[in-house]
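Notes for the one structure printed next.
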Amino acid sequence: MASNCTSSTQSRGRKRKSQQTQSTSSKTKKPTQEISDLTSDQSQYTSVKHISKNVKKDNAERLDYSFFDVPCEDLAEALLGQTIVRICDGKRLSGKIVETEAYLGSIDKAAHSYKGKKTDKNTAMFMPPGTAYVYNIYGMYCCINISSKGDGAAVLIRALQPLDNLETMDEFRTKGKDGNSFLKKEGVGLCNGPSKLCQSLNIKKDSINKLDMCTSDQIWLEKNDTVCKDAIVKCKRINIGYAEDWVDKPLRFYILGNKYVSVRDKPAENEMSTK
DNA sequence: CCTCAGATGCACT
DNA sequence: GTGCATCTGAGGA
Numbered sequence: 008m009a010s011n012c013t014s015s016t017q018s019r020g021r022k023r024k025s026q027q028t029q030s031t032s033s034k035t036k037k038p039t040q041e042i043s044d045l046t047s048d049q050s051q052y053t054s055v056k057h058i059s060k061n062v063k064k065d066n067a068e069r070l071d072y073s074f075f076d077v078p079c080e081d082l083a084e085a086l087l088g089q090t091i092v093r094i095c096d097g098k099r100l101s102g103k104i105v106e107t108e109a110y111l112g113s114i115d116k117a118a119h120s121y122k123g124k125k126t127d128k129n130t131a132m133f134m135p136p137g138t139a140y141v142y143n144i145y146g147m148y149c150c151i152n153i154s155s156k157g158d159g160a161a162v163l164i165r166a167l168q169p170l171d172n173l174e175t176m177d178e179f180r181t182k183g184k185d186g187n188s189f190l191k192k193e194g195v196g197l198c199n200g201p202s203k204l205c206q207s208l209n210i211k212k213d214s215i216n217k218l219d220m221c222t223s224d225q226i227w228l229e230k231n232d233t234v235c236k237d238a239i240v241k242c243k244r245i246n247i248g249y250a251e252d253w254v255d256k257p258l259r260f261y262i263l264g265n266k267y268v269s270v271r272d273k274p275a276e277n278e279m280s281t282k
């Protein structure tokens with residue numbers, strides 16, 4: 008164990024130096040995207056600077072289209088360590104992404120877009136890279152994905168290490184129940200699952216599905232850690248038992264040793280320590 | 001640590 | 001009607 012790259016997390020409140028790589032590459036062309044069913048005018052927010060003060064992080068570099076416009080598996084890995092930000096009633100709710108899953112599109116039997124099937128529900132999977140795909144599941148829950156390069160390909164966000172305004176996130180999570188709080192456990196339990204993090208960040212299909220995360224003022228990503236390859240566990244995805252020969256493909260990624268991950272895969276971890 | 005059932009609503013055959 | 005890219009609490013090893 009003990010990967011010598013300490014990108015992962017548990018250092019108590021220690022500052023890490025964020026390398027300010029001035030992104031010179033934000034000029035990638037972006038296809039136009041239909042936003043006809045959005046009520047708010049998605050005006051042209053292109054950088055965090057335009058967001059109101061109380062939610063802006065100093066030195067935060069917003070991730071742009073060129074970050075998302077890569078193959079699905081690459082995006083799933085690149086997302087690890089980055090911060091997802093959700094603005095709710097003027098409050099900044101955020102977390103570091105620590106676990107993802109890639110859904111590759113028409114070839115992938117576990118993907119909602121398998122065989123290129125396009126429906127009202129999964130339209131966002133076919134929209135430009137950086138589009139949020141939110142769907143309802145099991146009646147009471149929802150999950151969020153981010154579309155990548157490749158038709159129908161998207162990355163499911165499975166777990167976050169909560170960062171800002173944990174009290175508010177805790178309220179969203181425990182609303183309607185009595186007394187439960189995850190604050191005493193350093194926020195473990197708040198966002199360690201795809202639907203838990205949607206509850207914590209108040210992400211719902213109605214408000215977030217099809218939003219362009221490159222330009223939205225409600226949800227976006229910021230550059231945070233770069234996680235070194237040695238600290239990324241690759242293993243099979245969760246709860247896709249119906250997907251036949253795709254069940255065992257190593258398309259789930261998480262940060263080794265991070266306690267905010269939803270489910271560990273010990274065999275996969277053992278495998279990497281003997282290499 | 002583990003497995004299990006129940007909650008709950010919508011998209012799709 | 002069926003089946004979910006889930007979560008929770010209860011009960012057992």
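So for the first sequence, the working numbering puts the first residue at 8; every next one is plus one. Glycine residues also receive a C-beta, built at the ideal position from the N, C-alpha and C atoms.
Taking only runs that begin and end inside the region 64–122, name each unbroken beta strand (DSSP E) of 3 or more residues, in chain order.
90–95, 98–110
Need the endpoints of the alpha helix (DSSP H) that P201 sits in, please.
201–207
Looking only at its own chain, which residues have a Cβ that is under 6 Å from the Cβ of D272, when we skip the five neighbours before and after it?
C242
Using the Cβ count rule (16 or more neighbours within 10 Å means buried), how would you classify K192?
exposed
For F260, the residue or residues it bridges with in DSSP:
T107, K241
Distance, Cα to Cα, G88 vs G146?
30 Å
My guess is that L228 and M220 are in contact by the Cβ rule of under 8 Å, so how many angstroms apart are they, rounded?
6 Å
Across which residues does DSSP place N143 in a beta bridge pair?
C149
Please state if the CB of S188 and the CB of D177 are separated by a distance shorter than 8 Å.
yes
Residue interval of the beta strand (DSSP E) (run including E193)
Neither: E193 is in no beta strand (DSSP E) and is coded neither H nor E.
Nearest to K256 (by Cα), restricted to the options F74, D115, I91:
D115
Using a 10 Å radius around the Cβ and a threshold of 16 neighbouring Cβ atoms, would you call L173 buried or exposed?
buried
Output the distance between the C-alpha atoms of K122 and R69, rounded to the nearest integer angstrom.
33 Å
First and last residue of the uninterrupted beta strand (DSSP E) at L170:
161–171
Is the CB-CB distance between A139 and I151 below 8 Å?
yes
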